[in-house]
Each structure stands twice: as C-alpha cells, then as structure tokens.
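K.L.:
Numbering (UniProt numbering), first residue to last: 1 to 133.
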C-alpha cells in the first residue's frame, strides 16, 4: 500500500537468513496482479505471454555502436528458434522501441509488459533494424 492507501503490490516471498520476516522481500506490482488475477479467473491458471527473445537495455554506448538513433528500448541479442518473435521476423540486433504505440523504456519493463499479456496475444512493435525504423 502507498501513503494514499492504494494497492501498489502484493508480497510473494521473503529471503531471510533465519527464516523470519526480516530480509529481502519480493512483490508483484499491482498492475501485474490485476492481469494475472483475470487469467486465474478465466483459465484457472496463469498463461504468461512469451516472445522468445534474449536481450538487454539499450544504452548510449550500445546505441552508438549499433548506429541506432534511439536512447531507450529493448536490444534483441538472441531470438529463439520457432518462437513467436522468430515467426514475426524479429532478428538479433533489432531494437524494440515501442509496443502498441507506447515507448519502451527498458528491456526489463518490456519483458514485464509481455509477461502480463495472455499467451497468444497480438501486439504491434516498433523496431529499429539497420538504423531504420
């Protein structure tokens, strides 16, 4: 809960040296909980979306090295064979800069957004390849 009494996340686990309640806590953000709860109600289980890529954050050094005119996004380092990404034509070296028209701020946030989508969801991705959008 935040100071306004709004739900911002749900604790899921704690890593404590003695098994108590003092240590490192792990939580699921509330926007993800909402999506996962809807899937639990509909399917009885969570079916997370998965694109089938490995990647990293696009930073200024990587953008310069790859000759990419962007400062933020998800740099694709590997595409799994037969994955949704491979079927959609995504290639290693691509930079994903938007998803459904919204800017991608980091690879981690992109991965989290994909994880909240039900399996089989369709999306529109903005990609920079070989310096071209």
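No residue lacks a Cβ here, since even glycine has one placed at the ideal position from N, Cα and C. Everything numeric in this text was worked out from a predicted model, so none of it was measured.
How about residue 25 and residue 11: are their beta carbons less than 8 Å apart?
P.N.:
With respect to residue 11, residue 25 sits close: the two C-beta atoms are nearer than 8 Å.
K.L.:
Rounded to whole angstroms, how far is the Cβ of residue 114 from the Cβ of residue 85, which I believe are closer than 8 Å?
P.N.:
So it is not a contact: roughly 10 Å between Cβ atoms.
K.L.:
Spatial neighbours of residue 48 within its chain, please: C-beta separation below 6 Å, excluding the five flanking residues on both sides.
P.N.:
115
K.L.:
Restricting to runs no shorter than 3 residues, where is the beta strand (DSSP E) found entirely within the UniProt domain "PDZ" (40-131)?
P.N.:
53-57, 74-79, 95-99 and 125-128
K.L.:
Am I right that residue 95 and residue 51 are in contact with their C-beta atoms under 8 Å? What's the rounded C-beta distance?
P.N.:
That pair is no contact at about 14 Å.
K.L.:
In this structure, how does DSSP classify residue 31 when only helix, strand and coil are distinguished?
P.N.:
helix
K.L.:
Leaving out the 5 sequence neighbours to the left and right, which residues in its chain are closer than 7 Å to residue 71 when beta-carbon positions are compared?
P.N.:
60 and 63
K.L.:
With distances taken between CB atoms, is the gap from residue 75 to residue 55 smaller than 8 Å?
P.N.:
yes
K.L.:
For the beta strand (DSSP E) holding residue 11, just list the boundary residues, first then last.
P.N.:
9-15
K.L.:
Residue 24 bridges to which residues according to DSSP?
P.N.:
15
K.L.:
So is residue 104 buried or exposed if we call it buried at 16+ other beta carbons inside 10 Å?
P.N.:
buried
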